[in-house]
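Order-wise, the sequence lines are chains A and B. Just so we're aligned, residue 6 is where the first sequence starts under my numbering, counting upward by one. Just so we're aligned, residue 12 is where the second sequence starts under my numbering, counting upward by one. Using N, Cα and C, we set each Cβ at its ideal position, and we do this for glycine too. None of the values given here were measured: they were computed from a predicted structure. In what follows, a structure is listed as structure tokens, so that the remarks can point back to it.
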Amino acid sequence: MKAKQIKYEALVRAYSKDLYRYGYWLCHDKHVAEDLVQETFLRAWRSIESLQDESAAKSWLITILRRENARRFERKQFNLVDIEESYVPDHISTSTEQEMENHLLRRHIGKLEMEYREPILLQVIGGFSGEEIANILELNKNTVMTRLFRARNQLKDVLEDKNELKGIKNG
Amino acid sequence: MDELTFRRRIYADPNDKQKDIIDACKSDSKKAQFKADMQAFDHKLNDALNIEVPDNLADKILLSQSIDSQQGKNSKSKIHLALAASVVFAVGLSFQIFYSGGEYKSLSEHALAHIYAEESHMHDERSYSADNLNDKLSNFGFTLANSISKVTFADFCHFDGVKSLHLVFQGENSPVTVFLIPKEVNLPGQSNFSDQRFNGQIVNYENADMVIVADKGENSTKWQQKLASSLQLQKT
């Protein structure tokens, strides 16, 4: 019992932040993301015996969270929020170049199709390899690599467009 | 490695550490630069994704886990309690079925069964003083006006769970049993009954029924008359 509790606490401390970020970028809602993480860890607690290989803990948790997120959609039909309208308050006027890029990137990450968004979240937030992502998403590795390429390509374009716009303005 | 493949690979994973990528970067500074640019872009991406996490998230999670496991324990003990309760209920129910209503449908049946069951214990003859007998009888509102015969047994027993009085008188040839049963028992009974060995009568009084059971060799009518004259209702 004690060992189980220690193991669990270690998991929470190690992975709750990454799970929260992953959840947030899936659903774009701080409260829902927190609920998702809470629910994920409760389920993890109840079935912690099934986690044999501790090195697989993170992908195990991500899998639980993805399932929880899917269940959320089964439970009720969500009003799909238009990200452009609801998304983060705009402080561009007072922000630095870096903050502006951040803002643009965030906005476009939210707009990425889920099939591109998830692989790149798993890679950048989760630090998973192409193969691990393929396992989590139940895709083959080539598909995952193609999606990663496209996701990054789209996001990179966002910043380049911005620079071009600025170039035109300045020129 | 051709330019397109290289770019695709780096776009898919800017931190690709496979040998062909590393070799390509070594031999071509433009490729190395491209990789470095993409890594810088990934830093920006990482920053953008790195949103603020609510304070004490881990503690909140641990709190709800401890509440959850507490509830788990509680519900386990509730289950145990429910199990225990249903076992008690089942035992009680079967007890009821075995020992009451189900088995005896009438006073006479009950009385006969009682006599057969206790026959083997009735050999010892005891003696009871008049006071002792009257003390017991008074519980049922009776008093023994005059002695009719030696009482060889007098004690309380239970009819259908109700405290009753079991008396055995010495008959001419064999013992005569008399039960005084409070009305609460509420079992129907014909006034005369018999089986292959005994004859019986039920006499209804205001607050109790008297069941007289005697061997067929005894004159039970005579006994009934004797008892009627000597067992009298207490004057209040």
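In the three-state reduction of the DSSP assignment, I62(B) falls in the coil class.
Selection F167(B), L15(B) and A225(B) evaluated against N145(B) yields F167(B) as nearest (Cα-Cα).
Under the rule that a run must span 4 or more residues, the alpha helix (DSSP H) segments found entirely inside the stretch 88 to 151 of chain B read 118 to 129 and 141 to 149. In the three-state scheme derived from DSSP, where H, G and I count as helix and E and B as strand, F45(B) is classed as helix.
Here I72(B) is actually not in contact with R26(A); their C-beta atoms are around 15 Å apart, not less than 8 Å. Residue environment for M49(B): buried (at least 16 other C-beta atoms within 10 angstroms of its C-beta). About 11 Å separates the Cβ atoms of K55(B) and E102(A), ruling out a contact at the 8 Å cut-off.
Close to chain A, meaning a Cβ-Cβ distance shorter than 8 Å, are the following residues of the stretch 71 to 100 of chain B: K71, I72, L73, S75, Q76, D79 and S80. Taking a cut-off of 8 Å for Cβ pairs, the stretch 147 to 162 of chain B and the stretch 234 to 243 of chain B touch, as three or more such pairs fall below it. Scanning its chain for C-beta atoms nearer than 8 Å, with the 5 sequence neighbours on each side dropped, one finds no residue around Q236(B). When secondary structure is reduced to three states using DSSP, H33(A) falls in the coil class, being assigned neither helix nor strand. Contact of Y22(B) with chain A is assigned, a C-beta pair being separated by under 8 Å.
Beta-carbon to beta-carbon, E229(B) and N184(B) are separated by about 7 Å, close enough to satisfy the 8 Å threshold. Every unbroken stretch of the alpha helix (DSSP H) spanning 4 or more residues and falling wholly within the stretch 95 to 147 of chain A is given here in chain order: 102 to 116, 119 to 129 and 135 to 142. Using a 10 angstroms sphere on the CB of Q43(A), the tally of other CB atoms reaches 16 or more, which defines it as buried. Residues of the stretch 137 to 164 of chain A with a Cβ closer than 7 Å to any Cβ of chain B, in chain order: M150, L153, F154, R157, N158, L160 and K161. As DSSP reads the structure, V173(B) sits in a beta bridge with F170(B). Beta-bridge pairing by DSSP links P186(B) to no other residue.
If you look at A225(B), you'll find it in the beta strand (DSSP E) that goes A219 to D226. The beta carbon of W65(A) does not come within 8 Å of any beta carbon belonging to chain B, so the residue lies off that interface. Residues of chain B with a Cβ closer than 8 Å to the Cβ of N107(A) are, in chain order, K55, D58 and A59.
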